[in-house]
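Visitor:
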């Protein structure tokens, strides 16, 4: 028996820190841990016999902090988090002090007598106080026998500062009137004549700026999840003994009835007891059109009541609500790792020691080659500074955070990073018919009249009678009649004839609605033309219901599961993505072909039992296809799990949602197209980030080792690479659905 927990990890400054913590946790018996640098969280599965205190202690022994996440409190405070304030203060002070130092070092015209000592005075607080986070982290890791990005930065800054002190106090650099030219490629002068204070201040400032903007961007990349968590209502008017009592929303219990007035958020998932309204679910589903609801309809917490007063009975509260489940899915996805990220983590784990070795080797090479100490030192410092693997560690997590967060805003839940790879490879999309391509709800689609009959009369009498029945077909007829005629008359002596239909008195007429056999028992027979029309409708897969009154068969009502208005457009969009749609259904061949023709699907697999859906997916996979499955029912769950990529409609069952890789909160099939597009865009961004991070190090390290890179430019390039990767990921926030 194992448990899982999420830990907040503090003190990590780069991907190699995350790799160290992950390695230490995974060395514990039975523990499986994934540490994400971007989210600063560890997802840990641990066996019985190990406690969370043991996990925290292990992390702390590694030199970092760990704690259980505090309960989310949505207080609406948008102030800058405390952890950014000291970083911002150091950055501002560093900029103020560094600008004159860099100007003195780079512009010979500004080098007045004793300018070098003014530079030392200004650079000292930058090298010590402003760069203190790097020195502290480097020392902490050194005490635990480890090296990280901070080790490289600290070594570079301290080395440049100590060399400058040596040149000023023991060399000739402190003499009055000393001038120092600036070149992008380090000069070949003698080391004791030049100082590196502009390198100290510039590198510290650039890297502090990179850290600050990286932290700000990471905060923005997680903003969608934070917004999702804060969507819920804060308080609610509960009915207690007939009176309304205001209580915090988190105190609601299953079964409580609460009032929702126009403009208010629905506090939790529930069922409408009384009232009718339109509900705006755009914040959860991305769908802008409000949905009409009335008594008996289910509603979701955090959606907005746009119309009348509702009384709702709570069915799910707290962590069980759809909003909480969405937030959990998004957070789990953001904490996951794609295969490409695992490779990057491995690289960054041993990258720092290699860089330190390369730096020492570079210095040794230049010294052994007879070059001045200054040249050897400059090249070694440039290697230390340029090689920090920060961008490598941010490449995947930031793109994943932004992509999954944007998906949540659009009603698309991506369960994990491995899903992204699947969307790229998929070439075939299998679609369940009922509830996916079609509405999954019977609708009145036609009224076939006997000669001399009026449509309004048929709908009024049949609709009134069927309104008293709970059968889905009866309800479809009643809804159709109400939509055309409005209020329906009352029914007297209503009776249900089991297996055949219903009967009753409406407006003084003895009305029968049901199978033809029911009417025939009362000697009411369909005329030949009407009987043929009924047979034709049934041959196309529709359900035909006979209507008669006062001793005569009057009409046939045709009821069917209708195609969603947007399904044909969605199929066209799937084809445009290079995907081959296949309709998979348990319905008969005629119905399946009719629906397929209506939406533009050429390949149909019909009359398949629920268990056969898995075999159908396996057969397509056996043909070499990479299959995505879109479904919504319990009978789709196994096929969703078997498919290379499973997409469930959020209007479907919890079982289907659990078995899928992508969940579409709204029931619009076009959301599946947007989900695939977003997943592919996120994957492209990840690959672009990784290419930049790897290419940057591969290209820059040889230049630094060859003595062709000024340490100032190295510091700027290193900081820019991290900011570039995060900024590139933030472009995913601009992703727009096709609809």
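Residue numbers (the UniProt record's numbering): 1 to 739. Don't be surprised by glycine CBs; every beta carbon is placed ideally from N, CA and C.
#1: What residue range does the beta strand (DSSP E) around residue 561 cover?
#2: For residue 699, does the count of other Cβ atoms within 10 angstroms reach 16, so buried, or fall short, so exposed?
#3: Go ahead and pull the three-state DSSP assignment for residue 522.
#4: Considering only C-alpha positions, which residue in the set 539, 395, 271, 45 is nearest to residue 723?
#5: Looking at residue 121: is its Cβ nearer than 7 angstroms to the Cβ of residue 63?
#6: In the DSSP assignment, the beta strand (DSSP E) including residue 69 goes from what residue to what residue?
#7: Give the straight-line distance between the Cα atoms of residue 640 and residue 617, rounded to the nearest whole angstrom.
#8: How long is the line joining the alpha carbons of residue 268 and residue 310, rounded to whole angstroms?
#9: Can you tell me whether residue 664 is helix, strand or coil according to DSSP?
#10: Since residue 467 sits in a beta bridge, which residues does DSSP pair it with?
#11: For residue 426, which residues in the same chain have their Cβ closer than 8 angstroms to its Cβ, ignoring the five residues on either side in sequence?
#12: Who pairs with residue 316 in a beta bridge, going by DSSP?
#13: Any idea what DSSP makes of residue 311, helix, strand or coil?
#14: Taking the beta strand (DSSP E) that residue 441 belongs to, which residues open and close that run?
#15: Report the CB separation of residue 554 from residue 458 in whole angstroms; it is logged as a contact under 8 angstroms.
#16: Excluding the five sequence neighbours on either side, which residues of its own chain have a C-beta within less than 6 angstroms of the C-beta of residue 740, listed in chain order?
#17: Go through its chain and collect everything with a Cβ distance to residue 539's Cβ below 6 angstroms, but skip five positions before and after it.
#18: How many whole angstroms separate the CB atoms of residue 31 and residue 44, which I take to be in contact at a CB cut-off of 8 angstroms?
#19: If you draw a straight line from the C-alpha of residue 66 to the C-alpha of residue 8, how long is it?
#20: Let me check one thing: in DSSP terms, what residues is residue 246 bridge-paired to?
#21: Rounding to the nearest angstrom, what Cα-Cα distance links residue 411 and residue 669 in this structure?
#22: When you compare only the Cα positions, how much space is there between residue 727 and residue 97?
#23: If you compare alpha carbons, which of 47, 16, 50, 49 is closest to residue 35?
#24: Between the alpha carbons of residue 194 and residue 29, how many angstroms are there, rounded?
#25: For the beta strand (DSSP E) that residue 509 lies in, which residues bound it at each end?
#26: Closest by CA to residue 744, which one among 738, 371, 377, 509?
#27: Tell me the DSSP secondary structure of residue 587 in three-state form.
#28: What are the start and end residues of each continuous beta strand (DSSP E) run of 3 or more residues lying completely inside the UniProt domain "HMA" (3-67), in chain order?
#29: Quick check on the DSSP output: the alpha helix (DSSP H) that includes residue 428 runs from which residue to which?
#30: Given a cut-off of 7 angstroms, decide if residue 435 and residue 674 are closer than it, judged by their beta-carbon atoms.
#31: Under a three-way DSSP split, which group does residue 494 fall into?
#32: Where residue 642 and residue 614 are concerned, what is the direct C-alpha to C-alpha distance, given to the nearest angstrom?
#33: So, is residue 732 buried or exposed, given that buried needs 16 or more other C-beta atoms within 10 angstroms?
#34: Please determine, among 178, 720, 145, the residue with the shortest C-alpha to C-alpha distance to residue 113.
#35: Going by C-alpha distance, which of 89, 568, 203, 428 is nearest residue 622?
#36: What span of residues does the alpha helix (DSSP H) with residue 386 cover, start to end?
Guide: Well, looking at it:
#1: Within the chain shown, the letter at position 561 stands for residue 561. Element bounds for residue 561: 552-563.
#2: For the purposes of this step, residue 699 is taken as residue 699 along the chain shown, with counting starting at 1. Exposed, since its Cβ has fewer than 16 Cβ neighbours within 10 Å.
#3: If you number the chain shown from 1, residue 522 lands on position 522. The answer is coil: DSSP assigns residue 522 none of H, G, I, E or B.
#4: Residue numbering aside, residue 723 sits at position 723 when the chain shown is read from its first letter. Residue 723 has its Cα closest to that of 395, out of 539, 395, 271, 45.
#5: Translated into positions along the chain shown, residue 121 becomes position 121. Translated into positions along the chain shown, residue 63 becomes position 63. Contact: no.
#6: Numbered from its first residue, the chain shown carries residue 69 at position 69. From DSSP, residue 69 is part of no beta strand (DSSP E); its letter is neither H nor E.
#7: As a first step, residue 640 is located in the chain shown; it is residue number 640 there, counting from the start. As a first step, residue 617 is located in the chain shown; it is residue number 617 there, counting from the start. Straight-line Cα distance between these residues: approximately 9 angstroms.
#8: Taking the first residue of the chain shown as 1, we reach residue 268 at position 268. Taking the first residue of the chain shown as 1, we reach residue 310 at position 310. When rounded, the distance between both Cα atoms is 13 angstroms.
#9: Locating residue 664 in the chain shown gives position 664, counting from the first residue. The answer is strand: DSSP assigns residue 664 an E or B state.
#10: Position 467 of the chain shown, counted from the first residue, corresponds to residue 467. Beta-bridge pairing links residue 467 to no other residue.
#11: In the chain shown, the residue the question calls residue 426 occupies position 426. Result list for residue 426: 579, 626, 627, 628, 644, 645, 676, in chain order.
#12: As a position in the chain shown, residue 316 is number 316, starting the count at 1. In DSSP, residue 316 forms a bridge with 269.
#13: Taking the first residue of the chain shown as 1, we reach residue 311 at position 311. Reduced to three states, the DSSP call for residue 311 is strand.
#14: Translated into the one-based positions of the chain shown, residue 441 becomes position 441. Here the beta strand (DSSP E) through residue 441 covers 438-449.
#15: In the chain shown, the residue the question calls residue 554 occupies position 554. In the chain shown, the residue the question calls residue 458 occupies position 458. Yes, they are in contact, since the Cβ atoms of residue 554 and residue 458 sit about 6 angstroms apart, within 8 angstroms.
#16: The structure shown does not extend to residue 740, since the chain is modelled only from 1 to 739, so the question has no answer here.
#17: If you number the chain shown from 1, residue 539 lands on position 539. Excluding residues within five positions, none has a Cβ falling inside 6 angstroms.
#18: Position 31 of the chain shown, counted from the start, is the residue given in the question as residue 31. Position 44 of the chain shown, counted from the start, is the residue given in the question as residue 44. Contact holds; Cβ gap of about 6 angstroms.
#19: What you label residue 66 is simply residue 66 of the chain shown in a count that begins at 1. What you label residue 8 is simply residue 8 of the chain shown in a count that begins at 1. In a straight line, the C-alpha of residue 66 is about 5 angstroms away from that of residue 8.
#20: By one-based count along the chain shown, residue 246 stands at place 246. 237.
#21: Within the chain shown, numbered from 1, the residue matching residue 411 stands at position 411. Within the chain shown, numbered from 1, the residue matching residue 669 stands at position 669. Going from the Cα of residue 411 to the Cα of residue 669 covers about 12 angstroms.
#22: Numbered from 1 along the chain shown, position 727 holds the residue referred to as residue 727. Numbered from 1 along the chain shown, position 97 holds the residue referred to as residue 97. Roughly 27 angstroms separates the two Cα atoms.
#23: Taking the first residue of the chain shown as position 1, residue 35 is located at position 35. Nearest C-alpha to residue 35: 16.
#24: Counting from one through the chain shown, the residue named residue 194 turns up at place 194. Counting from one through the chain shown, the residue named residue 29 turns up at place 29. Roughly 55 angstroms between the two C-alpha positions.
#25: The sequence position of residue 509 within the chain shown is 509, counting from 1. Per DSSP, residue 509 belongs to the beta strand (DSSP E) from 509-514.
#26: Lying outside 1 to 739, the shown extent of the chain, residue 744 is not represented and no answer is given.
#27: Here residue 587 corresponds to residue number 587 of the chain shown, with the count starting at 1. Coil.
#28: 32-36, 41-47, 65-67
#29: Reading the chain shown from its first residue, position 428 is the one you call residue 428. From DSSP, residue 428 is part of no alpha helix (DSSP H) but of the beta strand (DSSP E) over 428-432.
#30: As a working mapping, residue 674 is identified with position 674 in the chain shown. As a working mapping, residue 435 is identified with position 435 in the chain shown. Result no, Cβ atoms of residue 674 and residue 435 do not sit closer than 7 angstroms.
#31: In the chain shown, counting from the first residue as 1, residue 494 sits at position 494. The answer is strand: DSSP assigns residue 494 an E or B state.
#32: Your numbering for residue 642 matches position 642 in the chain shown. Your numbering for residue 614 matches position 614 in the chain shown. Cα to Cα, the separation comes out at about 7 angstroms.
#33: As a first step, residue 732 is located in the chain shown; it is residue number 732 there, counting from the start. With 16 or more other Cβ atoms within 10 Å, it is buried.
#34: Your numbering for residue 113 matches position 113 in the chain shown. Looking at the Cα atoms, 178 is the closest of the given residues.
#35: As a working note, residue 622 is residue 622 in the chain shown. Minimum Cα distance to residue 622 is reached at 428.
#36: Start at 1 with the first residue of the chain shown, and residue 386 comes out as number 386. Residues 373-386.
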